[in-house]
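Here the sequence shown stands for residues 1225 to 1380, where the numbers follow the working numbering. All residues carry an ideal CB built from backbone N, CA and C; glycine is no exception. Everything numeric in this text was worked out from a predicted model, so none of it was measured. Remarks on the structure that follows.
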Amino acid sequence: MKRKSSGRIVVHARNAAMALVALVLLVAGFWSSWGTAQHILLSKGREHGTLAVSRCDERVCTGDYTPRAPSPERAQVTIDKSVAVKKGSTLAVVLKPGTGEAVRTGPAGGLYAWVPLGGALLLAALVIGGGLRLTRIAWGAAIAGGALLTASFLAL
């Protein structure tokens, strides 16, 4: 028995909607990650140094900044508070241009910057596998997202 053309249109519309949802998830995850990751990946010409964390509140931690090369004097530098940033720790950081905000560098900082993309890959895997019925691609996205999150957890 032949399918009606209206049935095919509904299937194609559903597939297009699911593909759009998966794409929006991945783009949002990448964009969220890029806000921090760009300072780590494109760090040439930026101020590098170490941050000795001396005080933390609910959102940020502050401390004394020691630059690697001569740079403008900075009394205090801030870094977003996370599980890995604790009072008394010393972190390798790069400063965001024109601010006193620091971003952690090295493997741990690089992996931590991409955590939103890892979560987006896991969510998109559900949409790809369940909505689009592309199980191999869904497993690939889920494994990539899970590996990124696991590596970030272990590195921190």
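Would you please state the rounded distance, in angstroms, between the beta carbons of A1246 and A1348? I believe it to be under 8 Å. 5 Å
Go ahead and label T1260 buried or exposed: buried means 16 or more other beta carbons lie within 10 angstroms of its beta carbon, across all protein chains shown. buried
Would you call the segment 1338 to 1354 in contact with the segment 1308 to 1326, where contact means no fewer than 3 C-beta pairs closer than 8 Å? no
Which residues mark the beginning and the end of the alpha helix (DSSP H) in which A1240 is found? S1229 to L1265
Taking C-alpha atoms, which residue in T1359, G1312 and T1286 lies nearest to G1324? G1324 has its Cα closest to that of T1286, out of T1359, G1312 and T1286.
Suppose the cutoff is 6 Å on Cβ atoms and the five residues either side in sequence are ignored; what does the same chain contact list for A1375 look like? Excluding residues within five positions, the ones whose Cβ falls inside 6 Å are L1335.
Who are the near neighbours of R1292 in its chain, counting only those whose CB is closer than 7 Å to its CB and skipping five residues on each side? H1272 and G1273
Three-state secondary structure (DSSP) at S1376? helix
Outcome for L1265 when other beta-carbon atoms lying within 10 angstroms are tallied against a minimum of 16: Note on L1265: under 16 other CB atoms within 10 angstroms of its CB, so exposed under the neighbour-count rule.
Going by C-alpha to C-alpha distance, which of S1257, V1234 and L1249 sits closest to G1338? Checking the sequence, you will find Trp at residue 1338 rather than Gly. Nearest of S1257, V1234 and L1249 to W1338, Cα basis: S1257.
Nearest to L1250 (by Cα), restricted to the options R1298, S1278 and A1366: A1366
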